[in-house]
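In my numbering, the protein residues as written are 175 to 938.
Reviewing the structure listed below.
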Ligand SMILES: Nc1nc2c(c(=O)[nH]1)N[C@H]1C(S)=C(S)[C@@H](COP(=O)(O)OP(=O)(O)OC[C@H]3O[C@@H](n4cnc5c(=O)[nH]c(N)nc54)[C@H](O)[C@@H]3O)O[C@H]1N2
Ligand SMILES: Nc1nc2c(c(=O)[nH]1)N[C@H]1C(S)=C(S)[C@@H](COP(=O)(O)OP(=O)(O)OC[C@H]3O[C@@H](n4cnc5c(=O)[nH]c(N)nc54)[C@H](O)[C@@H]3O)O[C@H]1N2
Ligand code: SF4
Ligand SMILES: [Mo]
């Protein structure tokens with residue numbers, strides 16, 4: 175018998191409502207949930223294809239072990255847990271906890287059960303070598319928020335529902351469906367800004383899908399955003415447009431910022447950011463004059479040079495123009511479950527409390543930058559990484575210098591992956607533990623709810639029953655935690671109690687964490703039976719979600735500093751601003767290029783690139799990334815309906831750059847960076863700023879041919895073969911994935927052209 179189950183889509187941050195027609199464990203159809211209080215019937219092609227992942231015959235159903243010949247054989251859960259538990263504890267006993275590294279991938283951001291166990295897992299292993307997708311997209315934002323607001327997860331959200339002016343930098347929400355901006359059908363919401371007479375300005379080196387529908391596109395140079403944003407703030411101050419009362423109301427330490435702004439006058443930054451001074455002045459005046467306005471910056475800015483200063487500068491611009499915590503400005507949601515409270519209680523939040531062994535890069539929110547993984551595995555000495563746990567991640571494709579990491583994985587003593595698929599990363603694992611995956615479990619989006627443009631609450635039931643013998647993600651993690659001697663919370667006395675409880679048959683369940691958060695949260699019943707507030711039971715009774723209204727003005731409800739204000743007098747941030755100011759001076763002398771790369775790297779990092787000429791301004795292009803509506807980072811490419819049509823893994827090149835390189839539209843050309851030279855299919859387009867080329871990430875599936883047939887047939891190339899693990903942002907050590915110096919040249923059809931991915935010069 176068919177029944178309909180309503181559920182929030184877990185695939186990205188937009189939190190769209192899906193309606194599943196289900197018969198037993200069979201999903202007959204996936205439709206938009208028209209009654210969802212937030213998405214009102216919008217879904218994207220990925221959401222519509224979610225059942226194809228469920229039905230994918232290539233998705234793993236049982237644990238597997240790698241054999242001597244590199245193939246995989248099924249094993250039982252008991253065997254698998256024993257093997258993993260024994261090997262990890264043995265390695266830890268012999269070499270110390272730091273010998274085990276961890277990578278937590280993007281999907282855990284939408285998996286509340288695993289998020290609730292994150293601290294428990296970190297503590298159970300005891301390692302400081304935890305890394306995650308966060309250092310690929312958010313660490314600069316986290317660190318800025320940690321210092322400014324006292325909580326890494328307190329990130330302002332542009333109130334696009336009510337704003338008259340949106341300044342959008344380094345984000346392409348029409349394709350990504352929004353990041354730190356949870357707004358299903360964001361395209362309609364952006365169109366509405368213009369329909370009500372407002373203005374949308376998109377700052378991006380590429381004329382993106384979002385830019386095409388905006389009032390104005392400003393083609394900035396990669397890495398230029400921090401200086402550009404500070405320049406806007408400088409104009410507002412210099413022209414007497416600053417809202418000083420607002421600054422005093424919302425912040426402390428403004429003088430420290432103000433006296434640094436002079437270095438960022440439009441004329442001083444214009445060449446470095448690639449935007450003329452007159453345009454900078456005009457945009458500053460517009461931003462200050464609009465009735466309401468919000469500046470918003472995301473991944474393109476965060477994973478480029480100066481990401482932390484750019485995140486700070488976004489908030490500084492909002493502040494000086496009187497936009498922080500104001501309706502139509504940069505606002506803070508009031509989520510019904512606030513993950514940052516758990517972080518605070520478990521002391522998990524922070525920055526630079528420890529550093530990586532080899533390069534000394536700092537931790538952010540408990541994670542070290544993913545760019546350290548290969549060197550920590552390769553470099554001998556105490557604390558060398560010998561075992562690796564990957565959780566819902568594909569770092570070989572998603573972290574810089576993926577080839578170096580793949581080679582390092584081959585040298586490990588032990589690797590275990592918790593994943594749905596055998597892919598470019600998990601194929602190196604000794605054991606893969608596949609969850610019965612999300613649709614078999616209930617769902618709450620803990621993180622995205624805190625970035626939503628309206629306050630909403632939503633709990634979703636499992637869509638299909640868990641197959642016999644299957645385990646949910648959180649059940650796998652919990653079992654590993656217990657085998658490693660820890661407990662679910664990472665708080666010693668609580669874990670001790672849970673371990674005791676387990677002996678008498680008590681099981682920790684993630685639901686209890688959510689119930690606690692909701693009931694003690696801003697809308698909660700506070701565990702008082704006579705109070706009308708929310709609890710999990712009430713959420714369960716509202717299958718289309720509960721709308722809790724528009725975002726509230728003010729910031730104290732989300733800021734964790736005692737005075738409820740934004741703190742600007744922060745040494746690390748101010749020093750980074752000073753460093754940027756100095757690099758601008760250097761830039762003026764160098765006269766060209768962009769601020770991201772004033773010191774070309776000479777390739778002396780023992781990275782297999784020795785002998786390759788240094789890349790300097792003038793002789794090269796700058797590589798940035800992009801996303802595609804039908805892709806989800808490095809996965810979902812095994813769904814035929816999502817990869818059909820024209821190949822999308824192409825290098826977008828401005829026609830004049832292509833001409834200079836002697837390359838035509840449709841050619842396969844050679845792209846070269848400090849660390850890699852390889853073939854790319856070229857598409858010419860004037861949507862690129864001249865001098866900048868764009869390649870999407872998440873492709874390069876050739877190595878997965880035995881295990882993911884569809885993906886391998888649409889393999890593409892991995893941008894992270896070219897990105898450089900030695901190039902990181904200065905405050906948090908985030909990988910610089912946007913703004914990599916590259917050269918492009920025509921492929922000569924000679925047998926030893928350094929074209930093939932296995933060109934001898936590139937092998938280690
Ligand atoms: N050059 C460049 N590189 C980038 C980026 C860029 O812009 N440019 N973007 C970066 C960003 S923003 C991110 S977030 C990262 C993403 O990169 P990763 O963190 O590596 O995440 P994904 O590529 O999404 O891979 C997700 C993996 O989780 C598995 N999976 C999916 N759902 C589940 C589940 O429910 N349970 C389990 N156990 N496994 C699951 C999938 O099979 C897949 O292997 O990539 C980064 N890499
Ligand atoms: N369809 C789809 N949706 C996704 C994903 C996906 O893979 N596919 N991934 C999800 C994930 S993990 C994330 S984190 C979000 C990210 O979502 P967004 O933050 O919207 O990121 P992108 O779509 O990568 O857009 C980044 C933009 O930055 C531009 N850019 C590059 N360098 C610079 C620069 O230096 N300055 C400026 N101003 N712009 C620059 C790029 O051209 C690009 O248009 O998307 C999520 N949603
Ligand atoms: S936009 Fe995101 S949340 Fe909405 S259906 Fe698509 S993948 Fe799912
Ligand atoms: Mo991301």
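From the three backbone atoms N, C-alpha and C, an ideal C-beta is built for every residue, glycine too.
Using DSSP with H/G/I as helix, E/B as strand and the rest coil, what is residue i?
i, result
"residue 528", "strand"
"residue 764", "Confidence in residue 764 is poor, its pLDDT being 42 and thus under 50, which makes the residue's placement too unreliable to answer from."
"residue 614", "helix"
"residue 581", "helix"
"residue 160", "Given a span of 175 to 938 for the chain in the structure shown, any question on residue 160 remains unanswerable."
"residue 405", "helix"
"residue 506", "coil"
"residue 190", "coil"
"residue 501", "coil"
"residue 304", "strand"
"residue 249", "coil"
"residue 223", "coil"
"residue 919", "strand"
"residue 551", "helix"
"residue 518", "helix"
"residue 214", "coil"
"residue 420", "helix"
"residue 343", "strand"
"residue 196", "strand"
Cβ atoms of residue j and residue i: under 8 Å apart, would you say?
i, j, result
"residue 426", "residue 741", "yes"
"residue 849", "residue 575", "yes"
"residue 185", "residue 220", "yes"
"residue 748", "residue 434", "yes"
"residue 275", "residue 607", "no"
"residue 796", "residue 827", "no"
"residue 290", "residue 687", "yes"
"residue 329", "residue 625", "yes"
"residue 873", "residue 852", "no"
"residue 400", "residue 484", "yes"
"residue 546", "residue 572", "no"
"residue 544", "residue 357", "no"
"residue 750", "residue 570", "no"
"residue 592", "residue 609", "yes"
"residue 310", "residue 477", "yes"
"residue 631", "residue 720", "yes"
Below 6 Å CB to CB, which residues in the same chain sit around residue i once its five sequence neighbours on both sides are set aside?
i, result
"residue 847", "896, 914 and 916"
"residue 802", "822 and 870"
"residue 302", "272 and 528"
"residue 183", "190, 192 and 221"
"residue 129", "The chain is shown from 175 up to 938; residue 129 falls before or after that span and cannot be answered."
"residue 841", "856"
"residue 158", "Absent from the structure is residue 158, since the part of the chain shown begins at 175 and ends at 938."
"residue 451", "440, 441 and 444"
"residue 514", "325 and 327"
"residue 249", "237 and 239"
Who are residue i's beta bridge partners in DSSP?
i, result
"residue 852", "845"
"residue 799", "869"
"residue 838", "Answer is none; residue 838 lacks a bridge partner."
"residue 708", "698"
"residue 292", "DSSP, once it has assigned bridges, lists no residue as partnering residue 292."
Spatial neighbours of residue i within its chain, please: C-beta separation below 8 Å, excluding the five flanking residues on both sides.
i, result
"residue 196", "176, 177, 178, 179, 202, 637 and 638"
"residue 466", "333, 336, 337, 338, 339, 497, 500, 501, 502 and 503"
"residue 677", "none"
Below 7 Å CB to CB, which residues in the same chain sit around residue i once its five sequence neighbours on both sides are set aside?
i, result
"residue 652", "291, 662 and 682"
"residue 296", "304, 540 and 664"
"residue 620", "286, 289, 511 and 513"
"residue 674", "none"
"residue 406", "454, 457, 458, 461 and 491"
> In chain order, what residues have a CB nearer than 6 Å to some heavy atom of ligand 3?
Replying inline: 183, 185, 186, 188, 189, 190, 217, 218, 220, 221, 351 and 358
>> Tell me which residues pass a beta-carbon proximity test against ligand 4: closer than 6 Å to any heavy atom, given in chain order.
In response: 280, 307 and 311
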